[in-house]
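Visitor: Taken in sequence, the protein lines are chains A and B.
Here the first sequence is numbered in this note's numbering, starting from 1 and rising by one per residue.
Here the second sequence is numbered in this note's numbering, starting from 1 and rising by one per residue.
Can you read through this structure? Questions will come right after.
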Amino acid sequence: DTGVSQNPRHKITKRGQNVTFRCDPISEHNRLYWYRQTLGQGPEFLTYFQNEAQLEKSRLLSDRFSAERPKGSFSTLEIQRTEQGDSAMYLCASSLADGGDTQYFGPGTRLTVL
Amino acid sequence: RKEVEQDPGPFNVPEGATVAFNCTYSNSASQSFFWYRQDCRKEPKLLMSVYSSGNEDGRFTAQLNRASQYISLLIRDSKLSDSATYLCVAGGSGGSYIPTFGRGTSLIVHP
């Protein structure tokens, strides 16, 4: 399968714990996006990378959220000191910057904070 | 005011009907527009890009009206399998690309 993959697909954690999610984009895509989606809402932009550079991070929800893409391939999203309000679906998407920026989404990681 | 607004619906239509959705965006600097389809508890999947000249893909037609800042999606001859949530996206502003999704419009096609 050459699509976007995300791991884990589901994560249940206790409040206060740290969690890390991984996203593997389509191999030739140089842009990678992270979104959060809650029930009844559209995906909410968090941050994006072009290659290894994080070009926009002002929409990260708080300083507890951080993302990395160290080698310009896979990316990780970390949430520190999780809160119940962090429970959501976290989606990753990738695109080609010069390909009209059409984004292709992974299946998402569903986070439940108890 | 939300940056991208959609009527959440649901739109309940019979098979074979024609249905249209509109989506308005507030950022006049937006440069790229898309429609995505999202099935329950699944990821969004690209339906089509939206161009000023309009574009058509089978039963689906998308239009962009820059003057009024809205995009539209028309579905002809609705099928049961068209039942889903349809998300519009506006993005591309200045040097930093921030795609903004609407909350989606729910479509239910019934026999």
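Glycine is no exception: its CB is placed at the ideal position from the N, C-alpha and C atoms.
As the structure is a prediction and not an experimental result, all values here were calculated from the model.
1) Any contact of the segment 1-12 of chain B with the segment 96-106 of chain B, i.e. 3+ C-beta pairs under 8 Å?
2) Taking only beta-carbon positions, decide if Tyr90 (chain A) is within less than 8 Å of chain B.
3) Where does Gly91 (chain B) land, buried or exposed, given buried means 16+ other C-beta within 10 angstroms?
4) Where does Gln84 (chain A) sit, in a helix, a strand or coil, going by DSSP?
5) State the Cα-Cα distance for the pair Ser58 (chain A) and Tyr97 (chain B), rounded to the nearest angstrom.
6) Do the segment 70-87 of chain B and the segment 14-32 of chain A meet, that is, are 3 or more Cβ pairs less than 8 Å apart?
7) If Asp77 (chain B) sits next to Arg66 (chain B), beta carbons under 8 Å apart, how far is it from one beta carbon to the other, in whole angstroms?
8) Which residues in chain B have a C-beta closer than 9 Å to the C-beta of Pro107 (chain A)? List them in chain order.
9) Going along chain B in order, which residues have a C-beta closer than 9 Å to the C-beta of Thr102 (chain A)?
10) Hey, is the segment 23-36 of chain B in contact with the segment 44-54 of chain B, meaning 3+ C-beta pairs nearer than 8 Å?
11) Would you decide whether Lys11 (chain A) is buried or exposed? Buried here means 16 or more other CB atoms lie within 10 Å of its CB.
Guide: According to the data block:
1) yes
2) no
3) buried
4) helix
5) 12 Å
6) no
7) That pair is no contact at about 29 Å.
8) Lys42, Glu43
9) Ser32, Phe34, Leu46, Ser49
10) yes
11) buried
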